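Participant: The structure's right below; bear with me while I get my questions together.
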Amino acid sequence: MEPPGAPLVGADLVVPCLDGTDRPYRDLDCAASTPALQVVADTVNEFLPWYSSVHRGAGYKSRRATAAYEGARESVHRFSGRPVDGDDVVVLVRNTTEAINHLAYRLRLAPDDVVVTTVVEHHANLLPWARVAQRRWVECGTDGTFGVDDVVAVLDDGQRPALLALTGASNVTGWLPPVEEICQEAHARGIPVLLDAAQLAPHRALPLGPDFLAFSGHKLYAPFGAGALIGPRSVFEHGDPFLAGGGAVDLVDLDEVIWTEPPDREEAGSPNVIGAVAFGVAMDELGRIGWEAIGAHEAALSARLHDGLRAMDGVRVLGPGRAAAAAAAAAAAAESLAVAPFTVDGMHHALVAARLSAEFGIGVRHGCFCAHPYLLRLLGVGPAGVAEARAAIQRGDRSAIPGALRASCGLGTSGEDVDALLDALRALVGGAPAPVAYVQDAVTGDFWPQGDSRGWGHGDRPAGAACARG
Ligand SMILES: Cc1ncc(COP(=O)(O)O)c(C=O)c1O
198 MEPPGAPLVG ADLVVPCLDG TDRPYRDLDC AASTPALQVV ADTVNEFLPW
248 YSSVHRGAGY KSRRATAAYE GARESVHRFS GRPVDGDDVV VLVRNTTEAI
298 NHLAYRLRLA PDDVVVTTVV EHHANLLPWA RVAQRRWVEC GTDGTFGVDD
348 VVAVLDDGQR PALLALTGAS NVTGWLPPVE EICQEAHARG IPVLLDAAQL
398 APHRALPLGP DFLAFSGHKL YAPFGAGALI GPRSVFEHGD PFLAGGGAVD
448 LVDLDEVIWT EPPDREEAGS PNVIGAVAFG VAMDELGRIG WEAIGAHEAA
498 LSARLHDGLR AMDGVRVLGP GRAAAAAAAA AAAAESLAVA PFTVDGMHHA
548 LVAARLSAEF GIGVRHGCFC AHPYLLRLLG VGPAGVAEAR AAIQRGDRSA
598 IPGALRASCG LGTSGEDVDA LLDALRALVG GAPAPVAYVQ DAVTGDFWPQ
648 GDSRGWGHGD RPAGAACARG
């Protein structure tokens, strides 16, 4: 279960713990952001001397920078299985959130158009649609999944939707909806599909069915602020781009503009060439490692994580995970990523996360994971609980916001990392006393250990919430 051969920057970090020791940092928060691949950092360093304006200079450096930027775009084409000379355009953006907002603007929906989406979505694939159209939702069952038939029923339930906006993998449970079958049903009804591939892209080959794809570099080992929106050229050929400005035009007079062709039309302003270079090389590297090796590593981690958590009294795992089909555990593992959301009986999620970090050097996320509707369903929080949380937030008190913990693995995660989490949780549910008192900040909801242990003193405390908001 050792990670596939892909060195990561910071793989050997140690972090201070409350007992005064330094421990290996166990990064079990890869669904949030991944560390940089070493080859990404090396390539960025090699490129930096050549850093220059893109599409804006005749100098040699500008030509090199422009070639590097366009080379990164080609990497996105290859990575997504959309040929450079095909019908699709790759727009380089900051991240998935920007990609979806960009598309929401660009589709020019009318206020009474309908977008079908699902309750499983990240806020990035919910909120942009609320601004521009009416929405219908696909609900999930208590295990956090839905079937193709559930999607079909919502597609057919009234006015024909202008778009189906669907996640490729849940950032909360790691569940992988049956994307290709869903796309077939949508296309049979003339409905285009946007796939939010933020979580899928680092773990599985991107499916060919969706018309639009959105994903982020910082989740696939390229943390330099680039991401991609991919879609049919025809969508971007007419009308105003999302951003107006230099680089997106052929001719401007004081009362006239002729927009240029996509993708440049969609990329006004000086582009993030460093981010693009990093993004491109990360995708090339994932291609070199291969999905088979990545999938095998993750399936083993997923089994270890889920089996270990589910066997623990006092820990409740949310969502389908490997329990989706007891009779077909291997198949179920293949249908979800190495991600596990869970709660610990009698302990606040923020306190568990704080203790894992301060006492064991383990990094997980807690809170609602920017997917409030989904998490509230998984936790079984009904309308009364939501009303209570709303009232508390409006009073500025975030101390009792419902939430869970999430452990998520990536290329650099080892079996030892998962075992370290399981051991630490066993200690916590077994009643191991905290070495110092933890105090909760009601404004952020976070807990912080008292005292001035190295790395955990008052001055080390980050301003604002570390985690829970979303
Ligand atoms: C499924 C999913 N969609 C969208 C996003 C938003 O990605 P970004 O923050 O890179 O815009 C995330 C981030 O966690 C995600 O997990």
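Residue 289 in our numbering sits at position 92 of the sequence shown, with consecutive numbering throughout.
By construction, the Cβ of each residue, glycine as well, lies at the ideal position given by its N, Cα and C atoms.
All of these numbers come straight from a predicted model, not from anything done at the bench.
By the three-class DSSP mapping on this structure, what secondary structure does residue 326 have?
Facilitator: Position 129 of the sequence shown, counted from the start, is the residue given in the question as residue 326. The three-state secondary structure of residue 326, taken from DSSP, is helix.
Participant: Please check the pair residue 470 and residue 251, which I expect to be a contact at CB under 8 Å, by giving their CB distance rounded to whole angstroms.
Facilitator: Position 273 of the sequence shown, counting from 1, holds the residue named residue 470. Position 54 of the sequence shown, counting from 1, holds the residue named residue 251. Indeed, because the Cβ distance is near 5 Å, the residues count as touching under 8 Å.
Participant: Look at the alpha carbon of residue 604 and the alpha carbon of residue 272, and state the distance between them as a whole number of angstroms.
Facilitator: The residue you call residue 604 lines up with position 407 of the sequence shown. The residue you call residue 272 lines up with position 75 of the sequence shown. The straight-line gap from Cα to Cα measures roughly 30 Å.
Participant: Would the C-beta of residue 567 count as close to ligand 2, meaning under 7 Å from any of its heavy atoms?
Facilitator: This structure lacks ligand 2; its bound ligands are ligand 1.
Participant: For a test of your reading of the model: does the CB of residue 479 fall under 7 Å from any non-hydrogen atom of ligand 1? Yes or no.
Facilitator: For this step, residue 479 is matched to residue 282 along the sequence shown. Because no heavy atom of ligand 1 lies under 7 Å away, the Cβ of residue 479 does not count as near it: no.
Participant: Using DSSP bridges, identify the partner residues of residue 364.
Facilitator: On the sequence shown, residue 364 is found 167 positions in, with the first residue counted as 1. BP columns for residue 364 point to 393.
Participant: Please tell me whether, using a cut-off of 7 Å, the distance from the CB of residue 277 to the nearest non-hydrogen atom of ligand 1 is below it.
Facilitator: What you label residue 277 is simply residue 80 of the sequence shown in a count that begins at 1. No, the beta carbon of residue 277 sits no closer than 7 Å to any heavy atom of ligand 1.
Participant: Exposed or buried, what is residue 305 when buried is set at 16 or more other beta-carbons lying within 10 Å of its beta-carbon?
Facilitator: Numbered from 1 along the sequence shown, position 108 holds the residue referred to as residue 305. Classification for residue 305: exposed.
Participant: Rounded to whole angstroms, what's the CA-CA distance from residue 210 to residue 221? Just pull it up for me.
Facilitator: On the sequence shown, residue 210 is found 13 positions in, with the first residue counted as 1. On the sequence shown, residue 221 is found 24 positions in, with the first residue counted as 1. Our two residues, residue 210 and residue 221, have alpha carbons roughly 6 Å apart in a direct line.
Participant: Report buried or exposed for residue 563, applying the criterion of at least 16 other Cβ atoms within 10 angstroms of its Cβ.
Facilitator: By 1-based counting over the sequence shown, the position of residue 563 is 366. It counts as buried.
Participant: Taking three-plus beta-carbon pairs below 8 Å as touching, is the region 398-405 in contact with the region 487-507?
Facilitator: yes
Participant: Between residue 446 and residue 288, what straight-line distance do the alpha-carbon atoms span, to the nearest angstrom?
Facilitator: Start at 1 with the first residue of the sequence shown, and residue 446 comes out as number 249. Start at 1 with the first residue of the sequence shown, and residue 288 comes out as number 91. The alpha-carbon of residue 446 is positioned some 15 Å away from that of residue 288.
Participant: Secondary structure at residue 647, three-state DSSP: helix, strand or coil?
Facilitator: To locate residue 647, count along the sequence shown from 1; it is residue 450. Three-state DSSP puts residue 647 in coil, outside helix and strand.
Participant: At what residues does the alpha helix (DSSP H) containing residue 576 begin and finish?
Facilitator: For the purposes of this step, residue 576 is taken as residue 379 along the sequence shown, with counting starting at 1. Unbroken alpha helix (DSSP H) run through residue 576: 569-576.
Participant: Can you tell which of 410, 433 and 639 has its C-alpha closest to the C-alpha of residue 661?
Facilitator: Numbered from its first residue, the sequence shown carries residue 661 at position 464. Of 410, 433 and 639, the residue nearest in Cα terms is 639.
Participant: Answer yes or no: do residue 579 and residue 599 have a C-beta to C-beta separation smaller than 8 Å?
Facilitator: One-based indexing of the sequence shown puts residue 579 at position 382. One-based indexing of the sequence shown puts residue 599 at position 402. Cβ atoms of residue 579 and residue 599: not closer than 8 Å.
Participant: What is the rounded straight-line gap between the Cα of residue 627 and the Cα of residue 510?
Facilitator: Position 430 of the sequence shown holds residue 627. Position 313 of the sequence shown holds residue 510. If you take the alpha carbons of residue 627 and residue 510, they lie about 9 Å apart.
Participant: Is the region 290-306 touching the region 421-428 in the sense that three or more CB pairs, one from each, lie closer than 8 Å?
Facilitator: yes
Participant: Rounded to a whole number of angstroms, what is the C-alpha to C-alpha distance between residue 520 and residue 507?
Facilitator: On the sequence shown, position 323 is the one that residue 520 refers to. On the sequence shown, position 310 is the one that residue 507 refers to. With a pLDDT of 47 at residue 520, under the threshold of 50, the modelled position of that residue is not reliable, and no figure is offered here.
Participant: On a CA-only basis, which of 650, 655, 555 and 439 is nearest residue 296? Give me that one, please.
Facilitator: Translated into the one-based positions of the sequence shown, residue 296 becomes position 99. Cα-wise, what sits closest to residue 296 is 439.
Participant: Would you mind reading off the limits of the alpha helix (DSSP H) that contains residue 488?
Facilitator: Taking the sequence shown and counting its residues from 1, the one referred to as residue 488 is at position 291. Looking at the DSSP string, the run of the alpha helix (DSSP H) that includes residue 488 is 488-507.
Participant: Taking the Cβ atom as the reference point for each residue, do residue 205 and residue 233 lie within a distance shorter than 8 Å?
Facilitator: Sequence index remark: in the sequence shown, residue 205 carries index 8 (1-based). Sequence index remark: in the sequence shown, residue 233 carries index 36 (1-based). Yes, the pair counts as a contact, with Cβ atoms nearer than the cut-off.
Participant: Please name the residue or residues paired with residue 595 in a DSSP beta bridge.
Facilitator: Position 398 of the sequence shown, counting from 1, holds the residue named residue 595. In the DSSP output, where bridge partners are listed per residue, residue 595 has none listed.
Participant: Should residue 435 go down as buried or exposed, given a rule of 16 or more other Cβ atoms within 10 Å for buried?
Facilitator: For this step, residue 435 is matched to residue 238 along the sequence shown. The residue is exposed, with fewer than 16 neighbouring Cβ atoms inside 10 Å.
Participant: With a threshold of 7 Å, establish whether the CB of residue 413 neighbours any heavy atom of ligand 1.
Facilitator: Sequence index remark: in the sequence shown, residue 413 carries index 216 (1-based). Yes.
Participant: Below 8 Å, how does it come out for the region 464-478 and the region 376-394: are there three or more Cβ pairs, yes or no?
Facilitator: no
Participant: Label residue 322 either buried or exposed according to how many other C-beta atoms from any shown protein chain fall within 10 Å of its C-beta, with 16 as the threshold for buried.
Facilitator: Walking along the sequence shown from the start, residue 322 turns up at place 125. Counting Cβ neighbours within 10 Å, residue 322 comes out buried, since at least 16 surround it.
Participant: With distances taken from CA atoms, which of 478, 253, 343 and 432 is nearest residue 460?
Facilitator: Along the sequence shown, one-based indexing puts residue 460 at 263. Selected option, being the one with the closest Cα: 432.
Participant: Identify, in the order they occur along the chain, each residue of the same chain with its Cβ nearer than 6 Å to the Cβ of residue 417, setting aside the five sequence neighbours on each side.
Facilitator: Translated into positions along the sequence shown, residue 417 becomes position 220. Contacts found: 398, 399 and 479.
Participant: In chain order, what residues of the same chain lie with their CB nearer than 7 Å to the CB of residue 465, ignoring the 5 residues before and after it?
Facilitator: Taking the sequence shown and counting its residues from 1, the one referred to as residue 465 is at position 268. Cβ-Cβ distances below 7 Å link residue 465 to 438, 440, 441, 442, 443, 444 and 445 in the same chain, with the five nearest sequence neighbours on each side left out; the list follows chain order.
Participant: Should the region 616-627 be regarded as contacting the region 584-592, the criterion being three or more beta carbon pairs within less than 8 Å?
Facilitator: In short, these stretches do not touch, since the Cβ pair count stays below three.
Participant: Can you tell me whether residue 319 sits near ligand 1, meaning its C-beta is under 7 Å from at least one heavy atom of the ligand?
Facilitator: Counted from its first residue, the sequence shown places residue 319 at position 122. Relative to ligand 1, the beta carbon of residue 319 is positioned inside 7 Å of a heavy atom.
Participant: Return the CA-CA distance between residue 311 and residue 301, expressed in angstroms with no decimal places.
Facilitator: On the sequence shown, residue 311 is found 114 positions in, with the first residue counted as 1. On the sequence shown, residue 301 is found 104 positions in, with the first residue counted as 1. Cα to Cα, the separation comes out at about 12 Å.
Participant: Taking buried to mean at least 16 other C-beta atoms within 10 Å of its own C-beta, is residue 658 buried or exposed?
Facilitator: Stepping through the sequence shown from its first residue, residue 658 is reached at position 461. With fewer than 16 Cβ atoms within 10 Å of its Cβ, residue 658 is classed as exposed.
Participant: Can you tell me which of 208, 259 and 266 puts its alpha carbon nearest to the alpha carbon of residue 475?
Facilitator: Within the sequence shown, residue 475 is the residue found at index 278, counting from 1. Of the listed residues, the one whose Cα sits closest to residue 475 is 266.
Participant: For residue 649, decide whether its Cβ has a neighbour in chain B, counting only Cβ atoms nearer than 8 Å.
Facilitator: Structure shown: chain B not included; a single protein chain is present.
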